[in-house]
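Protein sequences appear in the order of chains A and B.
Residues 0 to 608 (numbering that gives the first Met the number 0) are what the first sequence spells out, left to right.
Residues 0 to 258 (numbering that gives the first Met the number 0) are what the second sequence spells out, left to right.
Ideal placement from N, C-alpha and C gives every residue a C-beta, glycine not left out.
Predicted model only: the values in this text are computed from it and were never measured.
Working notes for the structure below.
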Amino acid sequence: MAEYETFTNDVLVIGSGGAGLRAAIEASAAGVSVGMVCKCLLGKAHTVMAEGGIAAALANVDERDNWKVHFADTMRGGQYVNQWRMAELHAKEAPDRVRELEAWGAVFDRTNDGRILQRNFGGHKYPRLAHVGDRTGLEMIRTLQDHGVHRGIDVHMEICILTLLKDGNRIAGAFGYDRERGRFKLFRAKAIVLATGGIGKAYKITSNSWDCTGDGHALAYHVGAELIDMEFVQFHPTGMVWPPSVSGMLVTEGVRGEGGILTNKEGNRFMFDEIPESYRAQTADNEEEGWRYCLGDKNARRPPELLTRDHVARCIVREIKEGRGTPHGGVYLDISWIKERIPNAEEHIKRKLPSMYHQFKALGDVDITREPMEVGPTTHYIMGGVHVDPDTEMSRVPGLFAAGECAAGINGANRLGGNSLSDLLVFGKRAGEFAARFARDNSLGKIDSPSRAGTIDIVAREALAPFESHGRGSENPYAVQRDLQEVMQHNVGIVRNEHEMLSALQELQKFWERANHVGVIGNRDFNPGWHTALDLRSLLTVSEAITRAAIERKESRGAQFREDCPKKDERFAKVNTIIVKADDGSMRVRLEPLPEMPDYLKRVVEEMK
Amino acid sequence: MTETKRATFKIWRGDVNSGKFRDYTTEVAEGMVVLDAIHDIQRTQAPDLACRWNCKAGKCGSCSAEVNGMPKLMCMTRLSDLPIEKPVRVEPMKAFPIIKDLITDVSWNFRVKKKIKPFKPRPPDAPDGTWRMQQHDIDRIEEFRKCIECFLCQDVCHVLRDHQMHDKFIGPRFLIHVAALEMHPLDTEDRIDELRNAQGIGYCNITKCCTKVCPENIEITDNGIIPLKERVVDKFYDPFGWFWRWLKRRQDRQPTNPV
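Here it is as structure tokens:
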């Protein structure tokens with residue numbers, strides 16, 4: 000029998016980024032007891048790295064903005080495979096969620112009349128992103144953290160969850176270990192909110208932290224929840240490419256929002272070369288107009304650098320592939336050119352983009368106020384995730400909720416910059432609210448029946464297996480992780496085809512074998528080798544889900560680009576891919592029709608075309 | 000082609016009971032930071048070498064350690080800025096109890112923060128529940144709010160590091176946290192009594208070591224701690240202020256307490 004310590008709460012939140020903190024605050028405000036577990040220290044979750052801002056139609060900078068425009072922008076950006084109800088709730092509720100942060104102490108940059116300032120971002124018709132320089136995520140997570148710690152939430156830091164536990168159909172708890180001493184922990188709860196973030200560590204080049212291993216996706220999948228839209232992985236167009244040690248590190252879209260331009264080695268501003276039909280009417284066709292837009296001219300259309308991320312990333316890949324890239328295999332992103340247009344450009348850049356200035360100066364020996372940056376695409380975000388009810392965020396497993404990046408639906412085939420932070424707040428709040436309601440209406444599920452205890456014993460034994468395996472021809476967990484990242488990067492990356500993805504599936508089977516034979520040295524005290532070994536299971540599960548979904552969608556749409564099916568296909572225009580675990584334990588993928596959009600929203604979409 | 004060199008790292012390995020420096024040699028490529036070297040060593044030589052890290056971009060403040068004796072974020076310390084012909088010494092922060100290798104128990108910091116009175120805004124300025132603030136009014140607290148809670152300032156502060164006065168002094172990190180709250184244009188709370196007493200601001204004798212190690216270049220001492228000290232002095236040690244408040248208290252008391 001495995002030894003473990005038991006904790007009990009009404010609601011357990013797994014993850015301490017924006018969505019997890021917002022959910023925990025809401026649940027605790029509803030009067031239930033709340034526990035929170037996180038893989039890292041409080042306040043270090045990946046939200047802290049968000050730079051550009053929070054998208055919300057506050058209409059502080061352009062009074063023409065409202066929820067309808069934001070809704071239409073989100074749907075257009077997602078190529079209309081979004082869950083319309085989520086996009087509607089998000090657009091309507093985001094402004095209140097931002098104002099609420101201000102009431103909790105957040106300090107956003109200001110307009111001249113003292114209100115929250117908003118900036119331009121890709122795919123957003125009007126300046127819409129509430130921001131603090133280029134460190135909005137830090138402001139958001141710190142505000143939520145500082146507000147949350149006074150609300151009596153039981154926070155357990157540096158805990159990894161290995162499995163969720165059910166009582167019959169419904170959720171009953173979570174079982175995991177603490178990183179510090181490797182001791183097992185059981186968290187019993189009436190409702191659980193997954194807020195574990197993304198999957199970036201499945202790829203070699205990524206802007207994500209070590210802990211973005213798709214734990215929530217995998218945990219939910221293994222207890223019978225559905226995953227949706229897993230083929231849609233966002234490759235952010237601008238990551239650092241040099242030096243190698245920082246390759247993939249994010250360069251905020253805010254650089255382009257402030258007037259930054261993309262050029263190839265010939266000095267050509269290539270984003271003007273190809274503007275998608277659906278954006279032609281709202282995109283500038285000359286440099287002069289694009290610049291006027293950045294200055295706030297309401298009659299100007301936005302520059303093509305502010306097209307959606309999927310499109311910009313593909314244009315960059317095209318330039319590099321066709322030999323017009325920079326010496327280190329990227330393209331140029333230049334903000335320093337604005338000195339030709341405005342006085343004190345250097346000061347302006349340092350004030351609006353302080354982290355970028357610091358990051359390039361300290362790590363790349365580049366002064367962005369004087370010279371261009373070299374950038375290229377980096378794995379950034381997954382639109383796919385746990386399939387949830389749009390209003391309550393509950394998955395198909397009663398009592399299991401999901402919010403933020405590990406949930407899916409709002410973004411469709413491509414996420415607009417800034418919609419993630421607002422997604423965390425809007426759906427984090429909703430998940431907390433409805434998890435608390437579920438907890439009030441239900442009692443604790445049983446854990447101690449013989450079959451449950453059996454699950455715990457099996458999981459505990461498997462978790463300790465790498466210590467036993469060491470030395471007997473065992474695999475190095477870091478090597479398995481690195482090889483997996485290589486395969487996903489090359490075979491299921493920005494440009495995909497069926498042949499390469501099928502071979503990736505075969506490779507994944509081999510990785511499962513290797514993962515079962517990893518060995519680690521040392522003991523259970525804070526042992527990164529062991530932790531890496533245990534994360535492989537989640538990484539492999541999400542990698543397989545991404546690959547299977549991407550094979551199933553035989554078209555190019557949003558973030559998915561298939562060179563063997565390079566066009567959009569009507570057959571896939573109104574379906575989502577759904578991933579489930581079959582009774583025999585294998586992964587199944589199927590297509591499911593989108594919910595029908597009601598007429599009043601169809602009219603909004605038409606009006607905004 | 001990138002030119003590769005080799006460098007030796009003296010890394011502290013051990014736990015609360017015992018520990019010692021061990022040597023590891025690894026290849027050094029252009030642009031590498033100390034954290035890259037630690038990761039290479041983990042991958043190839045010491046998979047159980049414990050270190051915290053998250054963003055590897057200087058934004059989360061997890062990978063704090065002491066590199067050649069200086070408190071640093073390992074992810075922002077370029078090897079090209081170190082004399083790598085000599086061994087590079089990497090060890091955990093000293094102001095906190097050791098857990099293992101480069102990892103310390105920083106939980107005290109989270110407990111301290113919980114005790115600081117939270118933000119308490121004035122009533123909204125506009126009927127829609129929002130406030131108005133000018134950019135120049137928030138510039139100074141935006142500086143403090145850049146803090147990534149790496150706790151390097153706590154590590155280098157002699158009150159905590161050498162005198163271990165964790166129960167009497169909250170340290171530079173939380174002094175600027177209080178400064179950010181006290182100087183917030185909307186905040187109505189008063190934290191001056193606690194600053195003087197439980198939070199021990201008097202123990203800071205402005206040696207500015209905290210400012211020197213701050214990876215966010217926050218002027219912790221000049222812009223945060225000294226103005227707070229002035230507020231404490233104004234309230235408790237200014238004879239004219241003291242007299243004025245005494246007079247005011249008397250006047251306030253008079254209606255309910257007629258002579």
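For A:Asn526, the nearest beta carbon of chain B is closer than 8 Å to its own beta carbon.
Note on the stretch 492–544 of chain A: whole alpha helix (DSSP H) runs with a minimum of 4 residues are 497–514, in chain order. Between A:Tyr356 and A:Leu261, the C-beta spacing is not below 8 Å. In the structure shown, A:Arg169 falls within a strand segment according to DSSP collapsed to helix, strand and coil. In this structure, DSSP gives A:Leu590 an extended state, which the three-state scheme calls strand. Taking a beta-carbon distance threshold of 8 Å, A:Pro465 does not count as an interface residue toward chain B.
Per DSSP, B:Pro91 lies in no alpha helix (DSSP H) and is assigned neither H nor E.
Residue environment for A:Arg556: buried (at least 16 other C-beta atoms within 10 angstroms of its C-beta). The residues Ala23, Ser27, Val33 and Met35, in chain order, have a CB closer than 6 Å to that of A:Ile152 in the same chain once the five nearest residues on each side in sequence are set aside.
A Cβ-Cβ separation of about 6 Å places B:Leu185 in contact with B:Trp130 under the 8 Å criterion. For A:Gln358, the C-beta contacts it makes with chain B under 8 Å involve Ala56 and Gly57, in order along the chain. DSSP places B:Trp11 inside the beta strand (DSSP E), whose first and last residues are Lys4 to Gly13.
Around the beta carbon of B:Pro126, fewer than 16 other beta carbons sit within 10 angstroms, so the residue counts as exposed. Contact with chain A is found for B:Gln41, since one of that chain's Cβ atoms lies less than 8 Å from the residue's Cβ.
Secondary structure note for A:Gln480: it is in no beta strand (DSSP E), and the uninterrupted alpha helix (DSSP H) holding it is Pro476 to Asn490. Going by DSSP, A:Met239 is part of the beta strand (DSSP E) stretching over Val232 to Met239. In summary, A:Leu415 is buried, with 16 or more beta-carbon neighbours lying within 10 Å of its beta-carbon over all protein chains present. Setting aside the 5 residues that flank it on each side, A:Gly147 is surrounded in the same chain by Leu20, Ala23 and Ile24, each with a C-beta closer than 7 Å to its C-beta; the list follows chain order. Taking 8 Å as the upper bound for CB-CB distance, A:Ser206 and A:Thr377 are in contact here, some 5 Å apart. In the assembly as shown, A:Leu294 is an exposed residue. Its beta-carbon has fewer than 16 other beta-carbons within 10 Å. As for any beta strand (DSSP E) of minimum length 3 sitting wholly inside the stretch 17–67 of chain B, the runs are 18–27 and 63–66, ordered along the chain. Just so you know, the alpha carbons of A:Glu4 and A:Arg182 end up roughly 8 Å apart. Of the residues assessed, A:His379 falls on the buried side of the cut-off, its CB having 16 or more other CB atoms within 10 angstroms. When 8 Å is used as the limit between beta carbons, B:Lys112 is near these residues of chain A: Asp145 and Val148, in chain order. Distance check between A:Gly30 and each of A:Phe426, A:Pro465, A:Pro594 and A:Ala434 places A:Ala434 closest, using alpha-carbon atoms only. Secondary structure of A:Met139 (DSSP, three-state): helix. When DSSP states are grouped into helix, strand and coil, A:Met35 belongs to the strand group.
In the three-state DSSP reduction, A:Arg150 falls in the helix class (H, G or I). In this chain, the alpha helix (DSSP H) harbouring B:His135 covers Gln134 to Phe143. Looking at the backbone, the Cα of B:Ser106 and that of B:Glu148 are separated by about 12 Å.
When A:Asn410, A:Val385 and A:Ile409 are compared, the shortest CA-CA separation from A:Phe400 is found for A:Val385. Residues of chain B whose Cβ lies closer than 7 Å to the Cβ of A:Gly104 are, in chain order, Phe118 and His183. One finds nothing in chain B with a Cβ atom closer than 8 Å to the Cβ of A:Asp64; even the nearest lies about 15 Å away.
Residue contact with chain B for A:Val240: absent (no Cβ-Cβ distance below 8 Å to any residue of chain B). Annotation: A:Leu163 to A:Ala190 spans about 11 Å, alpha carbon to alpha carbon. Interface flag for B:Phe173 against chain A is unset, since no Cβ pair is found closer than 8 Å.
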